[in-house]
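Asks: Numbering (the working numbering), first residue to last: 1 to 333. From the three backbone atoms N, C-alpha and C, an ideal C-beta is built for every residue, glycine too. First the structure, which I've put down as structure tokens, then a few questions once you've had a look.
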Amino acid sequence: MQTLSIALCTYNGSRFLREQLQSLADQTLQPFEVVICDDCSLDNTISIIQEFSNVLNIKTFVNDFSLKVTKNFEKAISLCSGDIILMCDQDDVWHADKLAKIQSCFQEKPSQLVVFCDADLVNESGQSLGKNFWSIVRFHQPQIQEFKQGNAVEILLAGNRSAGCMMAFRKELRTTIIPFPTHIPLMIHDNWITIVAAMLDKIGLIEEQLNFYRQHSFQQIGTRSKEEGEFITFKERFLRPRNEKTAPFLEKRDYFCVLKEALSERIEADNQNFKHLGKIINYYETRGTLSQFHLARLFPVLKLLFQGDYHRYKDQEASWKAPFVAVLGDLLE
Numbered sequence: 001m002q003t004l005s006i007a008l009c010t011y012n013g014s015r016f017l018r019e020q021l022q023s024l025a026d027q028t029l030q031p032f033e034v035v036i037c038d039d040c041s042l043d044n045t046i047s048i049i050q051e052f053s054n055v056l057n058i059k060t061f062v063n064d065f066s067l068k069v070t071k072n073f074e075k076a077i078s079l080c081s082g083d084i085i086l087m088c089d090q091d092d093v094w095h096a097d098k099l100a101k102i103q104s105c106f107q108e109k110p111s112q113l114v115v116f117c118d119a120d121l122v123n124e125s126g127q128s129l130g131k132n133f134w135s136i137v138r139f140h141q142p143q144i145q146e147f148k149q150g151n152a153v154e155i156l157l158a159g160n161r162s163a164g165c166m167m168a169f170r171k172e173l174r175t176t177i178i179p180f181p182t183h184i185p186l187m188i189h190d191n192w193i194t195i196v197a198a199m200l201d202k203i204g205l206i207e208e209q210l211n212f213y214r215q216h217s218f219q220q221i222g223t224r225s226k227e228e229g230e231f232i233t234f235k236e237r238f239l240r241p242r243n244e245k246t247a248p249f250l251e252k253r254d255y256f257c258v259l260k261e262a263l264s265e266r267i268e269a270d271n272q273n274f275k276h277l278g279k280i281i282n283y284y285e286t287r288g289t290l291s292q293f294h295l296a297r298l299f300p301v302l303k304l305l306f307q308g309d310y311h312r313y314k315d316q317e318a319s320w321k322a323p324f325v326a327v328l329g330d331l332l333e
């Protein structure tokens with residue numbers, strides 16, 4: 001039977017930690033171990049952990065200096081010895097059957113290296129907000145179906161769809177994902193793990209809420225709604241400096257170039273999923289470096305259009321008109 005390790009990171013967690021540890025103690029399938037790395041807490045976090053030492057196999061490590069979230073999870077994961085590793089936040093609550101369902105999923109699908117689930121969003125008091133995590137990160141049924149049909153890489157490149165506390169992975173993946181890259185803008189370890197597994201075609205879903213994901217003012221990583229960009233009028237589109245239009249495309253190109261380089265250091269170069277990164281880099285490179293002469297833009301723009309790239313990389317909630325508006329903008333602005 002596969003053993004399950006929980007990697008739990010704490011920092012001044014006294015407000016919510018007891019409730020989270022109780023939810024681990026109440027699991028219908030008990031964890032093999034709970035590895036806790038405390039990042040120099042100044043409150044009574046350690047004493048709360050000690051309260052559960054008789055009901056959970058807890059291994060506590062207190063850092064000599066603050067590692068911050070990403071490196072602290074990296075440390076906790078490296079200290080786990082179970083066959084399956086689950087990351088755990090200090091302020092959530094897990095459904096009692098979470099570990100059992102995670103283990104069952106891995107047993108049923110032995111080729112998968114990573115699985116992730118959904119979560120119920122709750123407020124500081126643990127009351128339901130009437131929302132689930134996947135809806136907030138726009139992982140709706142169309143995206144779920146695409147994901148399950150083999151397009152996980154493209155879905156994940158379009159945006160993060162999971163959080164670390166909602167995923168589990170096999171121990172053998174550890175040498176590929178660690179050390180977590182810290183030089184990729186806006187990339188957190190949660191997203192890194194899912195993208196690596198998707199690149200290897202070894203990622204799966206549990207289409208259930210197995211966490212109560214607490215939203216509060218003190219958390220370091222939470223959810224946020226899709227940010228609205230500044231509205232630009234038709235007149236402003238033609239009067240603004242051209243670099244204001246192209247800068248976002250070049251920023252995205254640079255992001256995906258850095259991501260591709262980081263992945264190439266961990267994954268074999270002949271992996272067919274690198275083609276997705278190549279396509280998206282080419283898309284933003286082309287749009288960001290179009291000639292200032294309008295006629296010279298015609299061929300590269302039409303090439304992107306006929307390749308389906310304007311449709312492929314439009315925002316998932318944009319209307320059917322959006323790709324054609326983008327084409328006109330690239331040709332005329």
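In chain order, what residues of the same chain lie with their CB nearer than 7 Å to the CB of Trp-192, ignoring the 5 residues before and after it?
Replies: Here the question's residue 192 lines up with position 192 in the sequence shown. Result list for Trp-192: Ile-177, Phe-180 and Pro-181, in chain order.
Asks: Among the candidates Ala-163, Asp-43 and Gly-159, whose CA atom is the shortest distance from the CA of Leu-121?
Replies: In the sequence shown, the residue the question calls residue 121 occupies position 121. Nearest of Ala-163, Asp-43 and Gly-159 to Leu-121, Cα basis: Ala-163.
Asks: For Arg-170 versus Leu-113, is the C-beta distance shorter than 7 Å?
Replies: The count along the sequence shown starts at 1 and reaches residue 170 at position 170. The count along the sequence shown starts at 1 and reaches residue 113 at position 113. Contact: yes.
Asks: Assuming Ile-84 contacts Gln-22 (C-beta within less than 8 Å), just tell me the rounded distance between them.
Replies: Against the sequence shown, residue 84 aligns to sequence position 84. Against the sequence shown, residue 22 aligns to sequence position 22. About 22 Å; that fails the 8 Å criterion.
Asks: What's the call for Arg-287, buried or exposed, on a 16-neighbour Cβ count within 10 Å?
Replies: Here the question's residue 287 lines up with position 287 in the sequence shown. Arg-287 comes out buried.
Asks: Which word fits Thr-194, buried or exposed, when buried means at least 16 other C-beta atoms lie within 10 angstroms of its C-beta?
Replies: In the sequence shown, counting from the first residue as 1, residue 194 sits at position 194. Flag for Thr-194 reads buried.
Asks: Measure the alpha-carbon distance for Gln-30 versus Leu-156 and round it to whole angstroms.
Replies: Working through the sequence shown from its first residue, we reach residue 30 at position 30. Working through the sequence shown from its first residue, we reach residue 156 at position 156. Distance between the alpha carbons of Gln-30 and Leu-156 is about 31 Å.
Asks: Taking all protein chains shown into account, decide if Val-325 is buried (16 or more other Cβ within 10 angstroms of its Cβ) or exposed.
Replies: For the purposes of this step, residue 325 is identified with residue 325 of the sequence shown, where counting begins at 1. Its Cβ having fewer than 16 others within 10 Å, Val-325 is exposed.
Asks: Identify the continuous alpha helix (DSSP H) that holds Ala-76 and give its terminal residues.
Replies: As a first step, residue 76 is located in the sequence shown; it is residue number 76 there, counting from the start. Ala-76 -> alpha helix (DSSP H) spans 68-78.
Asks: Along the chain, where does the alpha helix (DSSP H) containing Met-1 start, and where does it finish?
Replies: Walking along the sequence shown from the start, residue 1 turns up at place 1. Unbroken run through Met-1: none, as it is neither H nor E.
Asks: Which residues does DSSP list as the beta-bridge partners of Cys-33?
Replies: Within the sequence shown, residue 33 is the residue found at index 33, counting from 1. Looking at the sequence itself, residue 33 is Glu, so the reference to Cys does not match. Bridge partners of Glu-33: Ser-5.
Asks: Looking at C-beta atoms only, is the number of pairs between the segment 6-24 and the segment 45-53 that lie closer than 8 Å three or more?
Replies: The segment 6-24 vs the segment 45-53: in contact.
Asks: Below 7 Å CB to CB, which residues in the same chain sit around Val-373 once its five sequence neighbours on both sides are set aside?
Replies: No information on residue 373 is available, as it lies outside the stretch 1 to 333 that the chain covers here.
Asks: Measuring CB to CB, does Ile-334 end up less than 7 Å from Cys-88?
Replies: Since the displayed the chain opens at 1 and closes at 333, residue 334 lies outside it and no answer follows.
Asks: Which of the three DSSP states, helix, strand or coil, is assigned to Asp-330?
Replies: One-based indexing of the sequence shown puts residue 330 at position 330. Three-state result, Asp-330: helix.
Asks: Does Val-55 come out as helix, strand or coil in the three-state DSSP assignment?
Replies: Counting from 1 along the sequence shown, the entry for residue 55 is found at position 55. Three-state result, Val-55: coil.
Asks: Where does Ser-5 land, buried or exposed, given buried means 16+ other C-beta within 10 angstroms?
Replies: Position 5 of the sequence shown, counted from the first residue, corresponds to residue 5. Buried, because 16 or more other Cβ atoms sit within 10 Å of the Cβ of Ser-5.
Asks: So Leu-210 and Ala-119 are supposed to be a Cβ contact under 8 Å. How far apart are they, rounded?
Replies: Your numbering for residue 210 matches position 210 in the sequence shown. Your numbering for residue 119 matches position 119 in the sequence shown. Going by Cβ atoms, the distance from Leu-210 to Ala-119 rounds to 7 Å, so yes, they are a contact pair.
Asks: Quick one, which of Asp-330, Ala-158 and Asp-38 has its alpha-carbon nearest Val-137's?
Replies: By one-based count along the sequence shown, residue 137 stands at place 137. When each option's Cα is compared against that of Val-137, the closest is Ala-158.
Asks: At what residue ranges does the segment 97-134 contain a whole run of the alpha helix (DSSP H), taking only runs of 4 or more?
Replies: Counting only runs of 4 or more, we get 98-108.
Asks: Using 8 Å as the cut-off, can you tell me whether the segment 55-69 makes contact with the segment 125-141, which would need three or more C-beta pairs spanning the two stretches below that distance?
Replies: Not touching, per the Cβ criterion.
Asks: Compare the C-alpha of Gln-307 against each of Ser-81, Leu-99 and Asn-282 and name the closest.
Replies: The count along the sequence shown starts at 1 and reaches residue 307 at position 307. The shortest C-alpha separation from Gln-307 is found at Asn-282.
Asks: To the nearest angstrom, report how far apart Glu-208 and Thr-175 are at their CA atoms.
Replies: Numbered from 1 along the sequence shown, position 208 holds the residue referred to as residue 208. Numbered from 1 along the sequence shown, position 175 holds the residue referred to as residue 175. For Glu-208 and Thr-175, the distance between alpha carbons rounds to 29 Å.
Asks: My guess is that Val-35 and Leu-56 are in contact by the Cβ rule of under 8 Å, so how many angstroms apart are they, rounded?
Replies: To locate residue 35, count along the sequence shown from 1; it is residue 35. To locate residue 56, count along the sequence shown from 1; it is residue 56. With 8 Å as the limit, Val-35 and Leu-56 do not qualify as a contact, their Cβ atoms being about 11 Å apart.
Asks: Quick one: what's got a C-beta closer than 8 Å to Pro-323's C-beta in the same chain, skipping five residues either side?
Replies: Working through the sequence shown from its first residue, we reach residue 323 at position 323. Taken in chain order, the residues that qualify are Leu-305, Tyr-310, His-311 and Lys-314.
Asks: Rounded to a whole number of angstroms, what is the C-alpha to C-alpha distance between Gln-107 and Trp-94?
Replies: Position 107 of the sequence shown, counted from the start, is the residue given in the question as residue 107. Position 94 of the sequence shown, counted from the start, is the residue given in the question as residue 94. Their backbone Cα atoms lie some 21 Å apart in a straight line.
Asks: Please name the residue, chosen from Phe-16, Ser-41 and Lys-71, that lies closest to Ile-188 on a Cα-to-Cα basis.
Replies: Here residue 188 refers to the residue found at position 188 of the sequence shown. The shortest C-alpha separation from Ile-188 is found at Lys-71.
Asks: Per DSSP, what kind of secondary structure is Cys-165 in: helix, strand or coil?
Replies: Counting from 1 along the sequence shown, the entry for residue 165 is found at position 165. Helix at Cys-165.
Asks: Could you compute how far the alpha carbon of Ser-81 sits from the alpha carbon of Cys-165?
Replies: Here residue 81 refers to the residue found at position 81 of the sequence shown. Here residue 165 refers to the residue found at position 165 of the sequence shown. The alpha-carbon atoms of Ser-81 and Cys-165 are separated by roughly 18 Å.
Asks: For Gly-222, which of helix, strand or coil comes out of DSSP?
Replies: Counting from one through the sequence shown, the residue named residue 222 turns up at place 222. With a pLDDT of 49 at Gly-222, under the threshold of 50, the predicted position of this residue should be treated as unreliable, and no value is reported.
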